[in-house]
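Position one of the sequence shown corresponds to residue 148 (the working numbering), numbered consecutively onward.
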Amino acid sequence: MTLPLLALVLLLLCRNGDVTVSAEDPYRFFDWRVSYGVVSPLGVPQLAILINGMFPGPDLYSVTNDNLIINVHNDLPESFLLSWNGVQQRKNSFQDGVYGTTCPIPPGKNFTYVLQVKDQIGSFYYYPSLAFHKAAGGFGGIRILSRPLIPVPFDEPADDFTVLTGDWYKTNHTKLKGILDGGHKLYFPDGVLINGRGPGGGASFTVQQGKTYRFRISNVGLQNTLNFRIQGHNMKLVEVEGTHTVQVTYTSIDVHVGQSYSVLVTADQPPRDYYVAASTRFNPKVLTGTAVLHYTNSAGSAVGPVPPAPDSDFDWSLSQARSVRTNLTASGPRPNPQGSYHYGQINVTRSIRLASSAAVVNGKQRYGVNGISFVPADTPLKLADYFNISGVFRVDSIPDQPTGGPLRLDSSVMGADYRTFVEVVIDNREKIIQSWHLDGYAFWVVGMGGGRWTPASRAQYNLVDAISRSTTQVYPNSWTAIYIALDNVGMWNMRTENWARQYLGQQFYLRVYTPVKSVRDEYPIPRNALLCGRATGRSAQ
């Protein structure tokens, strides 16, 4: 680490004092260069985003409460941003890495993220959030291990594998962005990758017979649910986006866009190679990516057909989703049981309903939430809020109930009060599956059901051991209900994980607000914060 960077880090840490870090919390330093490179995962050369020359990028490894100092050099010819899917930036939306909160890193410049994985464990990933860069790569795994003295509800595995899988296009991301900018929909993807490799491309996981391994599976794709499975092997679910789960065994698992799962796999089959497969779901056209589970004493290569995904049956997937529950007897990041927070006994202070819609606006395809299609403002919303810059956004520019009116454009921000407990019901009135994510938070997925939600639907809620996570699916012509404890002040992105729809407006920002200006509630703006738009020239002191 260079002395100027070290000085900057120390300055940033001193700026926030012991609120951000404490003497016992270690630091981990990462120095990343972001550049373009040519890859051919589906047999066609194309431009991809590399991090330190790697596609996908390197794992971000940490332990609960670690301070992560990530110096990102942007060697691209355009601006760039990284965001942290599922990592809860406590009281620090300035570091969230989406345009509504953070100015992009200009070409040829660098920015140092200072993050703390406060009271978190689990499996997540990072990705590029600006423009349509996600379609070019630039993503990598994040693993947050428990502190040594905190018990984990399973034996330590022999090894720990990151599995980044997602749908992929042969077309360069610049052309895909041009399609969207021209007001058109994207066509169906060309393939499915596993760790940056296409079918037969060489991705493999080496195991020893008789030992058990952890697989951290993240769907980093653009739009499709994927079914993940390993030929001849069972998978025991143990963790979902930071929550230890009831340990259910599956032969395959649906991983919706933006979601992450941890499973344990025991190498208990005859010693040879086996197929690892991920297939698109709920579409007449099925794309399958493959890798190999390789036994060290393998007697031969993988044989037989690649195991198929379950039939395209939403009921099967819904049943599996309902079986994913919190392990109430397990510790979380702290030594108290995860289930000691009785979310089902807290009074809900507000009920929000969200419904997506699609329409042609000004001759171009757009998507929206509650009648509003989000358009980025000329200044990140969080900076405008911090510096009291008027005219950038209006609080409550998006209603908290569907209006049924025509779709219109706005930089939509929904206001919410700090320390309230809210119910959010997401109505999916379309024939496709949806996936929704909220930055800065984990929420309880208390219910899923078919048809339209009504107040009577609350009778179906799981108020005991619902899974806590940051990304949830909503099945076609169905609803999903979540509970959120709004305990994280800031400006937080609520969005679809269908990336083309997100790009074309199916998102908004949740402004969790308190009038009390205290570092107990929210950290001050970092001294090294990039300032752009109408915030240019202001002081971050």
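Here a beta-carbon is modelled for each residue, glycine too, at the ideal position from N, C-alpha and C.
- The three-state secondary structure of Asp328, taken from DSSP, is helix.
- If you ignore the 5 residues before and after Leu323, its C-beta comes within less than 7 Å of the C-beta of Phe279, Ala282, Tyr316, Leu333, all in its own chain and listed in chain order.
- In the three-state reduction of the DSSP assignment, Tyr490 falls in the helix class.
- Two segments are said to touch when three or more pairs of C-beta atoms, one from each, lie closer than 8 Å; by this definition the stretch 587 to 595 touches the stretch 615 to 622.
- If you ignore the 5 residues before and after Val395, its C-beta comes within less than 7 Å of the C-beta of Leu384, Ser470, all in its own chain and listed in chain order.
- Asp178 and Val636 have their alpha carbons spaced roughly 29 Å apart.
- Straight-line spacing of the CA atoms in Phe271 and Asp557 works out to 30 Å.
- Per DSSP, Ser464 is one residue of the alpha helix (DSSP H) stretching across 461 to 469.
- Judged by their CB atoms, Gln653 and Gly515 are nearer to each other than the 8 Å cut-off.
- Shown here, Pro224 sits in coil according to DSSP, grouped into three states, outside any helix or strand.
- Judged by DSSP secondary structure, Gln581 falls outside any alpha helix (DSSP H) and instead within the beta strand (DSSP E) spanning 581 to 585.
- Going by DSSP, Trp646 is part of the alpha helix (DSSP H) stretching over 646 to 650.
- Arg419 places its beta carbon less than 8 Å from that of Ala446.
- Ile545 is positioned such that its CB atom lies no closer than 8 Å to that of Ile573.
- When only Cα atoms are considered, Val571 and Gly596 end up about 14 Å apart.
- Ranked by Cα distance from Pro300, the options Leu311, Phe308, Ile268 are led by Ile268.
- Residue pairing for Thr601: DSSP places it in no beta bridge.
- Residue pairing from DSSP places Ala632 in a beta bridge opposite Phe568.
- The alpha-carbon of Thr473 is positioned some 30 Å away from that of Gln355.
- Where Leu657 is concerned, the enclosing beta strand (DSSP E) starts and stops at 654 to 660.
- When Arg500, Glu225, Ala682 are compared, the shortest CA-CA separation from Pro254 is found for Glu225.
- Of all alpha-carbon atoms in Thr249, Val339, Asn494, Arg175, the one lying nearest the alpha-carbon of Pro673 is that of Thr249.
- For Lys529, the enclosing alpha helix (DSSP H) begins and ends at 528 to 533.
- As the crow flies, the alpha-carbon of Asp307 is around 41 Å from that of His331.
- In summary, Gly349 is exposed, with fewer than 16 beta-carbon neighbours lying within 10 Å of its beta-carbon over all protein chains present.
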